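Student: Pasting a structure here, questions to come.
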Amino acid sequence: MAAFPVPGSRRRIRRAHVIAAGCAMALCTTVAAPAAADGGTTTATAKPTIVLVHGAFADASSWNRVVERLERHGYTVIAPANPLRGLYNDSTYIASVLDSIKGPMVLVGHSYGGALISSAAAGNPRVKSLVYVAALMPDVGENGMSLAARFPSELDTATKSVPYRAGGLSGTDLYLKPDRLHQVFAADLPESTTRLMAVTQRPAATTAFSEKAKVAAWKHIPSWFLVAKQDKTINPDQERFEAKRAGSHTVEIDSSHVAMIAHPEAVTDLVLQAATAAESARPMLPDTGSRAESALTGIAAASLIAGTGAVLLGRRLRRPTP
Numbered sequence: 002m003a004a005f006p007v008p009g010s011r012r013r014i015r016r017a018h019v020i021a022a023g024c025a026m027a028l029c030t031t032v033a034a035p036a037a038a039d040g041g042t043t044t045a046t047a048k049p050t051i052v053l054v055h056g057a058f059a060d061a062s063s064w065n066r067v068v069e070r071l072e073r074h075g076y077t078v079i080a081p082a083n084p085l086r087g088l089y090n091d092s093t094y095i096a097s098v099l100d101s102i103k104g105p106m107v108l109v110g111h112s113y114g115g116a117l118i119s120s121a122a123a124g125n126p127r128v129k130s131l132v133y134v135a136a137l138m139p140d141v142g143e144n145g146m147s148l149a150a151r152f153p154s155e156l157d158t159a160t161k162s163v164p165y166r167a168g169g170l171s172g173t174d175l176y177l178k179p180d181r182l183h184q185v186f187a188a189d190l191p192e193s194t195t196r197l198m199a200v201t202q203r204p205a206a207t208t209a210f211s212e213k214a215k216v217a218a219w220k221h222i223p224s225w226f227l228v229a230k231q232d233k234t235i236n237p238d239q240e241r242f243e244a245k246r247a248g249s250h251t252v253e254i255d256s257s258h259v260a261m262i263a264h265p266e267a268v269t270d271l272v273l274q275a276a277t278a279a280e281s282a283r284p285m286l287p288d289t290g291s292r293a294e295s296a297l298t299g300i301a302a303a304s305l306i307a308g309t310g311a312v313l314l315g316r317r318l319r320r321p322t323p
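Count the sequence shown with our numbering and you get residues 2 to 323, in order.
As structure tokens, then:
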């Protein structure tokens, strides 16, 4: 004969199921909480710091008009002094500057500064975007000289070599000839401005253009490129070639080589595009997959345990009393 539960047992069964369900929810919450609390998969990153790297014959003040605009948009900006002593020395120095910055970064390089950000950013997961402004963008094994040989410009006719000695070392510096700087370097700036630029220019050691790139961060980091269509320092066709090879988001403007001085609005707009992309990017967690799998496994296990407990408790309560 079938056994019937004693009076009140149905209420105990319902209560048992409620308790079991509550336990399952608690266990699921406990297992899933670490994934949600991590925050990496649900929130965007903070505003990146913008690092502006100048090129040869210039200094950090060449970024002044861009800095002002970026700061008005709420960004922290750093424009370090580029030593201009050689690709290996200078990229190591810029990399050390990056080590001092917390959080995500966007690197912007003008001219020779483009070669530096390509090297300095390699292996740094906090660099989210690279921006090249009328810049060198060498691949591994290339240098400024090899690229210029493929895409000649007027720069060769506008430089002079001057030997230097410093700290027991010696080498050769390259300067722009004062009477050629306006035409080749900054044709869309007033001559009164370019005369001052000629006097205050910072020379670059020849090793800045002869040392070959050992890494190319643009192969792994999203990039943006501004092509200066009136550039006579770096051939615009070279800039297009570099940008296409890298798959860069590219804009072209009617500008001389010093676009950040002559057209700061266009340069700022491009940097903001790269910065916005960096802000919207989700931070990558190396163990995201394992965490998700653990959470799903934990939820399934919690449900199984709770369900089994409910069944066993229900069977016990259904037994007739002796």
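Glycine included, C-beta positions come from ideal geometry on N, C-alpha and C.
All of these numbers come straight from a predicted model, not from anything done at the bench.
Say whether the segment 271 to 278 touches the segment 129 to 141, bearing in mind that this needs 3 or more beta-carbon pairs closer than 8 Å, one atom from each stretch.
Tutor: Taking 8 Å as the limit for Cβ pairs, the verdict is that the segment 129 to 141 does touch the segment 271 to 278.
Student: Tell me which residues share the same chain as ASP238 and place their Cβ nearer than 7 Å to its Cβ, disregarding the 5 neighbours each side in the sequence.
Tutor: The residues are PHE152.
Student: Tell me whether the beta-carbon of MET261 lies closer than 9 Å to the beta-carbon of ARG66.
Tutor: Yes, the pair counts as a contact, with Cβ atoms nearer than the cut-off.
Student: Report yes if the CB atom of VAL107 is closer than 9 Å to the CB atom of ALA217, and no otherwise.
Tutor: No.
Student: Ends of the alpha helix (DSSP H) at ALA167?
Tutor: Segment 160 to 167 is the beta strand (DSSP E) holding ALA167; no alpha helix (DSSP H) there.
Student: Could you give the distance in angstroms between the alpha-carbon of ILE102 and the alpha-carbon of LEU85?
Tutor: So the alpha carbons of these two residues sit roughly 22 Å apart.
Student: Just checking my contact of ALA247 with SER211 at CB under 8 Å: how many whole Å lie between their CB atoms?
Tutor: Not a contact, Cβ separation roughly 22 Å.
Student: I think VAL109 touches VAL134, with their Cβ atoms under 8 Å apart; what is that distance to the nearest whole Å?
Tutor: Right, the Cβ-Cβ distance comes to about 7 Å (below 8 Å), so this counts as a contact.
Student: Would you call the segment 47 to 61 and the segment 241 to 257 in contact, with 3 or more CB pairs under 8 Å?
Tutor: Because the criterion of three Cβ pairs below 8 Å is not met, the segment 47 to 61 and the segment 241 to 257 do not touch.
Student: Give the list of continuous alpha helix (DSSP H) stretches no shorter than 4 residues that lie fully inside the segment 140 to 220.
Tutor: Runs found: 145 to 151, 179 to 186, 192 to 201, 208 to 211.
Student: Using the Cα positions of LEU190 and LYS178, report the straight-line distance between them to the nearest angstrom.
Tutor: Rounded to the nearest angstrom, the two C-alpha atoms are 17 Å apart.
Student: So which of TYR94, GLY114, VAL252, SER193 has the shortest CA-CA distance to PHE226?
Tutor: The option with the nearest alpha carbon to PHE226 is VAL252.
Student: When the Cα atoms are used, what is the spatial distance from HIS250 to ASP174?
Tutor: So the two alpha carbons sit approximately 34 Å from each other.
Student: Take ALA159 and list the residues in its own chain whose beta-carbon comes closer than 6 Å to its own, dropping the five residues that flank it on each side.
Tutor: LEU177, LYS178, ARG181, VAL185.
Student: Restricting to runs no shorter than 4 residues, where is the alpha helix (DSSP H) found entirely within the segment 46 to 100?
Tutor: The qualifying runs are 65 to 73, 88 to 100.
Student: Just list the residues that DSSP pairs GLY110 with in beta bridges.
Tutor: Note: GLY110 sits in a beta bridge opposite VAL54, TYR133.
Student: Of the residues GLU155, LYS161, LEU71, LYS230, which one's Cα is nearest the Cα of PRO204?
Tutor: For the residues GLU155, LYS161, LEU71, LYS230, the minimum Cα distance to PRO204 belongs to LYS161.
Student: Roughly how far, in whole angstroms, is the beta-carbon of ALA187 from the beta-carbon of GLY87, given that I think they are within contact range, below 8 Å?
Tutor: That pair is no contact at about 25 Å.
Student: So, for SER147: in the same chain, excluding its five sequence neighbours on each side, which residues have a beta-carbon less than 7 Å away from its beta-carbon?
Tutor: Once the five neighbours on either side are set aside, SER147 has no close Cβ partner at all.
Student: Could you check if PRO204 belongs to the surroundings of the ligand HEM, using beta carbon to heavy atom distance under 8 Å?
Tutor: The model depicted lacks the ligand HEM and carries no ligand whatsoever.
Student: Which residues in the same chain have their Cβ closer than 8 Å to the Cβ of PRO164, if we skip the five residues on either side of it in sequence?
Tutor: The answer, listed in chain order, is SER171, GLY172, THR173, ASP174.
Student: So, under 8 Å CB-CB, SER92 and ALA121 are touching, yes? Tell me the CB distance rounded to an integer number of Å.
Tutor: Correct: roughly 5 Å between the Cβ atoms.
Student: Give me, in chain order, the residues of the same chain whose beta-carbon lies closer than 8 Å to that of ILE79; leave out the 5 immediate sequence neighbours on both sides.
Tutor: THR50, ILE51, VAL52, LEU53, VAL98, ILE102.
Student: Would you kindly report the start and end of the unbroken beta strand (DSSP E) that includes THR234?
Tutor: Here THR234 belongs to no beta strand (DSSP E), and DSSP marks it neither H nor E.
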